[in-house]
Every structure is written in structure tokens, then in C-alpha cells.
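Asker: Just so it is clear: in the sequence shown, position 272 is 277 by the numbering used here, and no numbers are missing. Quick reminder that beta carbons are idealized off the backbone N, C-alpha and C, glycines included. Just so it is clear, the structure is predicted and the values come from calculations on it, not from any experiment.
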Amino acid sequence: MVMVERVEAIYQDVVKRNPGEVEFHQAVKEVLECLGPVLVKYPDFTEAKIIERICEPERQTIFRVPWQDDRGEVQINRGFRVQFNSALGPYKGGLRFHPSVYLGIIKFLGFEQIFKNSLTGLPIGGAKGGSDFDPKGKSDNEVMRFCQSFMTELWRIIGEHTDVPAGDIGVGGREIGYLFGQYKRLTNKFEAGVLTGKGLVYGGSQVRTEATGYGCTYFVEEMLKGKKNGLKGKKVVVSGSGNVAIYTLEKVHQLGGKVIAMSDSNGVIVDERGCNIETIQQLKEVERRRIKDYCDYHRHAKYIHGGNIWDVPCDVAMPSATQNEVTGKDAKKLVKNGCIAVGEGANMPTTPDGVQVFLSAGVLFGPGKAANAGGVATSALEMQQNAGREAWGFEETDAKLHQIMKNVYQLCSEAADEFGSPGNFVVGANIAGFIKVARAMSAHGLV
6 MVMVERVEAI YQDVVKRNPG EVEFHQAVKE VLECLGPVLV KYPDFTEAKI
56 IERICEPERQ TIFRVPWQDD RGEVQINRGF RVQFNSALGP YKGGLRFHPS
106 VYLGIIKFLG FEQIFKNSLT GLPIGGAKGG SDFDPKGKSD NEVMRFCQSF
156 MTELWRIIGE HTDVPAGDIG VGGREIGYLF GQYKRLTNKF EAGVLTGKGL
206 VYGGSQVRTE ATGYGCTYFV EEMLKGKKNG LKGKKVVVSG SGNVAIYTLE
256 KVHQLGGKVI AMSDSNGVIV DERGCNIETI QQLKEVERRR IKDYCDYHRH
306 AKYIHGGNIW DVPCDVAMPS ATQNEVTGKD AKKLVKNGCI AVGEGANMPT
356 TPDGVQVFLS AGVLFGPGKA ANAGGVATSA LEMQQNAGRE AWGFEETDAK
406 LHQIMKNVYQ LCSEAADEFG SPGNFVVGAN IAGFIKVARA MSAHGLV
């Protein structure tokens with residue numbers, strides 16, 4: 006009871022010190038709620054104030070990003086990089102370009118990244134960055150000018166041994182290319198390991214594009230295997246239609262499942278025959294069109310404008326769009342319709358009450374910091390290849406990713422069992438991720 010009160014006091018102090026950052030508060034609360042038994046077993050963590058230190062970023066940078074649009078008008082955005090924890094290795098985490106970005110979003114993502122990166126077993130710390138810039142509707146030249154201005158500030162605090170950004174929402178291969186080009190120009194160095202998610206022709210890794218979607222699907226398959234089940238024959242719904250959703254679709258189909266619904270911010274498509282990946286890729290990655298246009302190619306499919314994808318009956322749900330997209334009400338609908346497993350492809354896409362609904366109903370639930378760790382894991386593999394001047398093949402890299410996701414599942418399962426919550430991968434992921442970082446922080450002394 007004393008330990009619970011101590012953890013609650015730490016959380017209240019975090020809220021007080023970081024007013025208005027509700028997503029960050031939510032992420033911290035979810036982790037802290039799991040740590041009481043850990044502090045009982047490892048009192049040294051309490052004495053060294055590990056939790057208090059891990060909740061405070063090592064460094065936060067906010068900067069102005071001026072750029073000129075195609076009409077010649079000057080635009081000004083705000084850029085962020087929160088370098089949260091480097092106990093396990095150089096800071097590692099993506100960049101998000103989206104109008105919703107503010108400091109609280111970046112801190113939530115960076116805090117989650119600490120534990121996600123820890124679970125991969127690879128030597129990478131936790132960070133996140135981005136801007137409130139919206140790439141939608143912008144020309145390639147406008148995106149390039151913005152990225153060059155953004156990197157003109159960011160380059161001072163990153164490096165292959167310091168901080169290695171990657172992509173996230175709004176930052177794909179095009180943006181990474183522009184960012185890398187400007188970094189190379191400013192530093193006069195071809196430092197391939199400074200960014201991940203690069204194109205294959207200039208130091209990128211096979212499978213990096215597919216990694217988050219593939220990895221999440223591998224994690225769900227491991228959860229189902231734990232119950233002597235699998236994805237074969239399962240109906241799956243995947244929210245979103247970006248990178249994570251597309252390659253979740255591909256891997257689900259490879260493992261014998263069938264994705265019957267996908268979405269974007271305007272609506273939902275339902276294709277009971279199974280969504281066609283080539284069509285989705287053409288629409289979203291090449292033509293940058295809306296999901297509704299899928300029905301132009303597949304007349305049997307149905308489009309629901311403004312629809313809720315979680316109303317579509319399924320065996321497996323894989324939220325892969327953005328934070329807090331699955332509410333408690335949505336979770337109840339999914340359970341009622343027979344959903345037996347959930348894998349979070351996005352970061353914190355399920356609200357706390359939604360998580361509780363799933364856990365109470367016995368639904369297998371893979372939290373984002375475990376289930377979507379495949380993206381950053383393959384980024385770390387890209388860093389390895391850059392450091393060794395190597396380029397691995399697709400099958401080799403995919404096999405490494407698959408093994409990493411099996412290990413992540415095993416870590417979460419074992420930690421949940423050890424601390425009295427068998428089958429609860431939320432508890433398992435938070436505890437397993439925390440303990441490794443805490444031990445490293447203890448070994449480094451008071452820094």
C-alpha cells in the first residue's frame with residue numbers, strides 16, 4: 006500500500022510539472038501503475054529515484070521552422086526533439102509531421118519509445134521529434150523546403166552515436182530523403198547511420214518499410230500461438246491506410262488471415278473478399294488518394310463515409326492509425342462482435358478504459374510498446390548495417406525481425422508471469438522494458 010501511494014505521488018508530481026500534456030500524463034500513468042511490485046522486489050530503484058528520473062527527459066529542444074510556400078509566402082512552424090533517455094544507447098525515435106503535434110504529444114511518444122526500444126534487446130535509447138507542419142496537400146517542393154529548414158536546426162543535436170531519428174506519421178521515404186540530403190550538405194559527411202528509413206540506394210535497409218506492420222502481425226501470431234491458435238482463417242480489421250496498415254495487411258494475408266476492413270480519416274472500406282494490397286499501395290503510396298477510391302477498382306467493396314471501423318465484426322483488431330482511436334465503447338463493441346485479439350500497430354491507440362474492457366473480457370491484447378516495436382527494431386538493424394558497411398537481403402532481415410518479435414513476446418510473457426499477471430502483456434511490457442533501463446541507469450550513477 007505504501008508503494009502504491011509512492012507511485013501515485015510520483016505521478017501527481019509529473020502532472021504538476023508538465024501541465025496540459027494529457028497524452029504524456031496518460032502514457033506515464035499506464036507505466037507507473039504496473040511498477041509497484043517491481044519497486045518492492047528492487048528497493049534500490051526507489052532509493053536512486055529511478056522512476057522520477059526516467060519521467061524527466063534528458064533534453065528537450067523546441068525551434069522555429071520558417072519556410073516559403075509555392076506562392077512565395079513565408080510560413081512558420083514549430084519543431085521539436087525530446088531526447089528522453091540514453092541509458093541503453095543513442096537516442097532513437099521517429100519524427101512526426103502533423104498539425105496535432107505539440108510538446109505533450111512528442112513527450113508521450115518519446116516516453117513510450119524508452120520501453121519499446123528496451124524490449125527489442127538492441128542498444129538504443131528513447132526519443133521522439135516532429136513538427137506541427139502538415140505535409141498533406143503540399144507539393145514536393147514545399148515539403149523539400151520545409152524539411153531543409155527543419156534539418157537546418159535539428160542537425161546540431163543528432164548523429165549516429167548521439168541521436169538517430171526515423172520516420173513516423175507524415176514522414177516517409179520522401180521526407181527522410183530530403184532530411185538526409187540537407188544533413189549531408191550541412192555536415193559535409195555521408196553519415197548513413199544518422200537517419201533510418203532511408204532509401205535502399207543510399208543506405209536504407211530491406212524490410213524497414215514493412216517492419217512495423219510485419220512486426221505487429223508477428224506479435225499477434227505469437228499471442229494466438231500461446232493459446233494454440235493462429236491468424237489462419239481469421240477475419241481482421243486494420244484501422245488506417247498508411248505504412249503500418251498496408252504492411253499489416255500484407256503479412257496478415259501471408260499468414261493465412263484476411264483483412265476485411267481499412268480506413269482513413271474520412272471513412273471505412275469493407276471488402277469481405279479481403280482488401281487488395283496492390284490497390285491500397287497504388288492509392289495511398291503512389292497517387293496519395295483517399296481510401297474511398299478503393300471502390301472504383303473493386304465494385305463489390307463497400308465504403309462507409311464517416312464510418313467507425315470498430316463496428317465491423319472481426320476476430321482480430323489491429324489499430325494502426327493514431328493515439329486514442331479505440332474508446333471503451335469501441336472495445337465493448339469489438340468484444341460483443343467476437344474479437345479475440347488486439348494488436349496495437351499505432352502508439353497508444355486504445356484509451357485506458359478500452360484497454361480495461363479488453364483485459365476484463367480475456368481478449369489477447371498486445372500493447373503498442375511491444376506489438377509495434379518491429380519498426381524501431383529494424384531501424385536498429387539498419388544502423389548495424391550502416392556501421393558495418395553492409396546490406397542484408399530481404400529474407401535475412403525479415404528473419405531477424407521475426408526473431409526479435411518472438412523475443413519481445415517472450416519477455417512480456419515472462420515478466421507478466423513473474424509479477425503475478427499472467428497473460429497481461431501490458432504489465433509484462435511495462436515491467437520488462439522498465440527493469441532493463443533501470444538497471445542501466447543504476448550502473449551509470451547519478452546522471
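Alpha carbon to alpha carbon, how far is Ile-15 from Glu-400? Give it in angstroms, no decimals.
Answerer: About 45 Å.
Asker: Quick check on Ile-174: does DSSP put it in helix, strand or coil?
Answerer: Three-state result, Ile-174: coil.
Asker: Taking only the alpha-carbon atoms, compute the straight-line gap between Glu-387 and Gly-202 and give it to the nearest angstrom.
Answerer: C-alpha separation (whole angstroms): 8 Å.
Asker: Apart from the five residues just before and just after Asn-82, which ones in its own chain have a Cβ nearer than 6 Å to its Cβ?
Answerer: For Asn-82, where only same-chain residues beyond five positions count, the Cβ hits under 6 Å are Val-70, Ser-136, Asp-137, Phe-138.
Asker: The alpha helix (DSSP H) with Val-360 in it runs from where to where?
Answerer: Segment 357-365, the alpha helix (DSSP H) holding Val-360.
Asker: Unbroken alpha helix (DSSP H) runs of length 4 or more, entirely within the segment 306-350: which are they?
Answerer: Counting whole runs of 4 or more residues, the segment 306-350 contains the alpha helix (DSSP H) stretches 333-341.
Asker: Would you call Ala-328 buried or exposed, if buried means 16 or more other Cβ atoms sit within 10 Å of its Cβ?
Answerer: The sequence given here has Gln at residue 328, not Ala. Result: buried.
Asker: Within 10 angstroms of the Cβ of Asp-18, are there 16 or more other Cβ atoms? Answer buried if so, exposed if not.
Answerer: Its Cβ having fewer than 16 others within 10 Å, Asp-18 is exposed.
Asker: Let me check one thing: in DSSP terms, what residues is Val-2 bridge-paired to?
Answerer: Coverage of the chain is limited to positions 6 through 452, which leaves residue 2 absent and any answer about it impossible.
Asker: Enumerate in chain order the residues of its own chain whose CB-to-CB distance from Leu-339 is below 6 Å, with the five nearest sequence positions on each side excluded.
Answerer: Closer than 6 Å at the Cβ level, and outside the excluded window around Leu-339, lie Trp-315, Ala-322.
Asker: Whose CA, out of Lys-334, Ser-447, Gln-73, Arg-64, lies closest to the CA of Arg-150?
Answerer: The candidate whose alpha carbon is nearest that of Arg-150 is Gln-73.
Asker: What are the start and end residues of the alpha helix (DSSP H) that includes Pro-48?
Answerer: Here the alpha helix (DSSP H) through Pro-48 covers 48-52.
Asker: What distance in whole Å lies between the Cβ atoms of Leu-93 and Ala-453, which are believed to be in contact at a cut-off of 8 Å?
Answerer: With the chain covering only 6 through 452, there is no way to say anything about residue 453.
Asker: What's the call for Gln-415, buried or exposed, on a 16-neighbour Cβ count within 10 Å?
Answerer: Looking at its Cβ environment, which holds fewer than 16 other Cβ atoms inside 10 Å, Gln-415 is exposed.
Asker: Alpha carbon to alpha carbon, how far is Gly-380 from Glu-283?
Answerer: Straight-line Cα distance between these residues: approximately 21 Å.
Asker: Are Thr-214 and Thr-253 close, meaning C-beta to C-beta below 8 Å?
Answerer: For Thr-214 and Thr-253, no; Cβs fall outside 8 Å.
Asker: Tell me the rounded alpha-carbon separation between Asn-342 and Pro-318.
Answerer: Whole-angstrom Cα-Cα distance: 5 Å.
Asker: Between the C-alpha atoms of Asn-90 and Glu-52, what's the straight-line distance to the nearest angstrom?
Answerer: If you take the alpha carbons of Asn-90 and Glu-52, they lie about 19 Å apart.
Asker: Roughly how many angstroms separate the alpha carbons of Tyr-219 and Ile-409, rounded to a whole number?
Answerer: When rounded, the distance between both Cα atoms is 12 Å.
Asker: Within 10 angstroms of its Cβ, does Ser-246 collect 16 or more other Cβ (buried), or is it exposed?
Answerer: Buried.
Asker: For the segment 23-30 against the segment 111-128, are there 3 or more C-beta pairs whose distance is under 8 Å?
Answerer: Yes, the segment 23-30 is in contact with the segment 111-128.
Asker: Give me, in chain order, the residues of the same chain whose beta-carbon lies closer than 7 Å to that of Gly-333; leave out the 5 immediate sequence neighbours on both sides.
Answerer: Only Thr-356, Asp-358, Gly-359, Val-362 meet the Cβ criterion.
Asker: Please determine, among Ile-119, Gly-425, Gln-389, Gly-433, the residue with the shortest C-alpha to C-alpha distance to Asn-412.
Answerer: When each option's Cα is compared against that of Asn-412, the closest is Gly-433.
Asker: State the Cα-Cα distance for the pair Leu-100 and Arg-86, rounded to the nearest angstrom.
Answerer: The straight-line gap from Cα to Cα measures roughly 8 Å.
Asker: To the nearest angstrom, how far is it from the Cα of Gly-182 to the Cα of Gly-204?
Answerer: Approximately 7 Å, taken between the alpha carbons.
Asker: Cα-Cα, which of Lys-307, Glu-10, Lys-289 is closest to Ile-274?
Answerer: Per the Cα distances, Lys-307.
Asker: Can you tell me whether Thr-125 is helix, strand or coil according to DSSP?
Answerer: Reduced to three states, the DSSP call for Thr-125 is coil.
Asker: Ordered along the chain, which non-local residues of its own chain (more than five positions away) have a Cβ less than 8 Å from that of Arg-179?
Answerer: Once the five neighbours on either side are set aside, the close Cβ partners of Arg-179 are Asp-145, Val-148.
Asker: For a test of the three-state rule: what should DSSP assign to Asp-74, helix, strand or coil?
Answerer: Of the three classes helix, strand and coil, the one that applies to Asp-74 here is coil, per DSSP.
Asker: Tell me whether Val-24 is buried or exposed, calling it buried when 16 or more other Cβ atoms sit within 10 Å of its Cβ.
Answerer: Reading off the sequence shown, one finds Pro at residue 24, where the question assumed Val. Under this definition Pro-24 is an exposed residue.
Asker: CB Lys-374 to CB Lys-21, shorter than 8 Å?
Answerer: No; because the gap between Cβ atoms is not below 8 Å, this pair is not in contact.
Asker: Sorted by chain position, which residues of the same chain lie with C-beta nearer than 6 Å to Lys-239's C-beta, five sequence neighbours on each side aside?
Answerer: Result list for Lys-239: Gly-262, Asp-320, Val-321, in chain order.
Asker: Assuming Asp-269 and Arg-295 form a contact by the criterion Cβ under 8 Å, report the distance between their Cβ atoms to the nearest whole angstrom.
Answerer: Yes, they are in contact, since the Cβ atoms of Asp-269 and Arg-295 sit about 6 Å apart, within 8 Å.
Asker: Should Glu-57 go down as buried or exposed, given a rule of 16 or more other Cβ atoms within 10 Å for buried?
Answerer: That one is exposed.
Asker: Let's test the definition: count the other Cβ atoms within 10 Å of the Cβ of Gln-88 and tell me whether it reaches 16, buried, or not, exposed.
Answerer: Label assigned to Gln-88: buried.
Asker: Does the distance from the C-beta atom of Ile-59 to that of Ile-119 stay below 8 Å?
Answerer: Yes, the pair counts as a contact, with Cβ atoms nearer than the cut-off.
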